[in-house]
Structures are given as C-alpha cells and as structure tokens.
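Chemist: Next up is a structure, given as structure tokens.
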Amino acid sequence: MNRTAVFPGSFDPLTKGHESIVIRALPLFDKIIIAIGENPQKSAYFPLEKRIGWLRETFAAYTQVEIASYSGLTVEYCKKIKANYILRGLRTSADFEFERSIGQINKQIYPPIETIFLLTTPEFTSLNSSIVRDIARHGGDISPFVPKAVKI
Ligand code: ADP
642 MNRTAVFPGS FDPLTKGHES IVIRALPLFD KIIIAIGENP QKSAYFPLEK RIGWLRETFA
702 AYTQVEIASY SGLTVEYCKK IKANYILRGL RTSADFEFER SIGQINKQIY PPIETIFLLT
762 TPEFTSLNSS IVRDIARHGG DISPFVPKAV KI
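Just so you know, we're using our numbering here: the sequence shown kicks off at 642 and counts up by one.
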C-alpha cells in the first residue's frame, strides 16, 4: 500500500520545528507532500514563491518529499491527490485542542483520512513561525531558528 501524507501549513517561514517533524516522519510514509495552504483570509508575510523555494532547497536531498501548494479545504486536496494521511506537529495542549476539532471534522468530511501527530522534540516546543516573523520584522537574527536555506 502506498502511504502518502500531506503535511499542510503556512510555513511563513519554514522553521527548524517543521523540518524536524518532516524528517522524523520519513520512516512512516512512502511519500510526504509538504503543501502550503493558500488562505485568502490570512495574508502571508513572506511571498508564496519564497516559501516554496525554501522548502525545495531544504528538502532537495529527500526523494520521498515533494513540495506543493493548494487552495481550498485540505481534505479536498488530499482526496484529489489520493493521500490518506495528514501529518501535523503537536507542541502544546492548545495545539491539541485546535488540532482535535480540525482532525475530527476532516474525518467526518472525508472518512478515509487519518491525521497523524508527532510530538515536538523539547528544543522546538517554543518555536513558531510567528515568533520568527517578529524577529525578522525587527531586524533580528533568525538563523538559529530556521534551516540554512531560509534567508530573508
Ligand atoms: P498552520 O497555520 O497550519 O498551523 P504552520 O506552518 O504554522 O501552519 O504549521 C504547520 C504544522 O507544523 C502544524 O502541524 C504545526 O503544529 C507544526 N509546527 C509548527 N511549528 C512547529 C514546531 N516548532 N515543532 C513542531 N511542529 C511544529
């Protein structure tokens, strides 16, 4: 059976936390599609082309990983590309509450889907894209928090 997972997110920007989740998930799936969800209600800080470029460069060595973008519902995208797994990272109990409702609703909309959660490793629990954006906005050094390819 072909196990294809979609790792959906904004990746605005990609962080070492995202990178760690993908690398740890590699043994679980045949293919991981890192997919940037375009949300018309939520305008991104970094342009889509930049975010795609950072993902492509970071995961260039991994043949199992593909980079894509989509608009609309994540489950509709999964159905279209025949992916039965959604991969998500869990940092805190707040993440859990948010993910629980989305995961349950996604399953109701598209019953074959299973959401697989990986717990964040402790060093990345406090890391999120919004903190990295704040550092970037104020001219700080983001390099400790992002993969090498992410250059602003
Ligand atoms: P979204 O807007 O969908 O939350 P993000 O790009 O912020 O998009 O996150 C994509 C996924 O990566 C989510 O599952 C999120 O929980 C996970 N993630 C984000 N930051 C980290 C981190 N520091 N460690 C582990 N997982 C993370």
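Beta carbons are placed, not taken as given, at the ideal position from N, Cα and C, and that holds for glycine.
(1) For Tyr-718, does the three-state DSSP call read helix, strand or coil?
(2) For Ile-675, which residues of its own chain have a beta-carbon under 6 angstroms away from its beta-carbon, when the five flanking residues on both sides are left out?
(3) Taking its Cβ as the centre, do 16 or more other Cβ atoms sit within 10 Å of Glu-660, making it buried, or is it exposed?
(4) For Val-706, name the three-state secondary structure that DSSP assigns.
(5) Just to confirm the assignment: which complete alpha helix (DSSP H) runs, minimum length 4, are found wholly within the region 719-759?
(6) Would you say Phe-670 and Tyr-711 are within 9 angstroms of each other, going by their C-beta atoms?
(7) For Leu-728, which residues of its own chain have a beta-carbon under 6 angstroms away from its beta-carbon, when the five flanking residues on both sides are left out?
(8) What residue range does the beta strand (DSSP E) around Glu-679 cover?
(9) Name the one or two DSSP bridge partners that Gly-650 has.
(10) Is Pro-654 buried or exposed, if buried means 16 or more other CB atoms sit within 10 Å of its CB?
(11) Have a look at Val-773 and Gly-658 and give me their C-alpha separation to the nearest angstrom.
(12) Counting only the same chain and skipping the five closest in sequence on each side, list residues whose C-beta sits under 7 angstroms from that of Phe-786.
Modeler: Inspection of the coordinates gives the following:
(1) helix
(2) Phe-648, Leu-696, Ile-708
(3) buried
(4) strand
(5) 734-750
(6) no
(7) Ala-646, Phe-648, Ala-666, Ile-757
(8) 672-679
(9) Ile-677
(10) buried
(11) 11 angstroms
(12) Thr-656, Lys-657, Leu-768, Val-773
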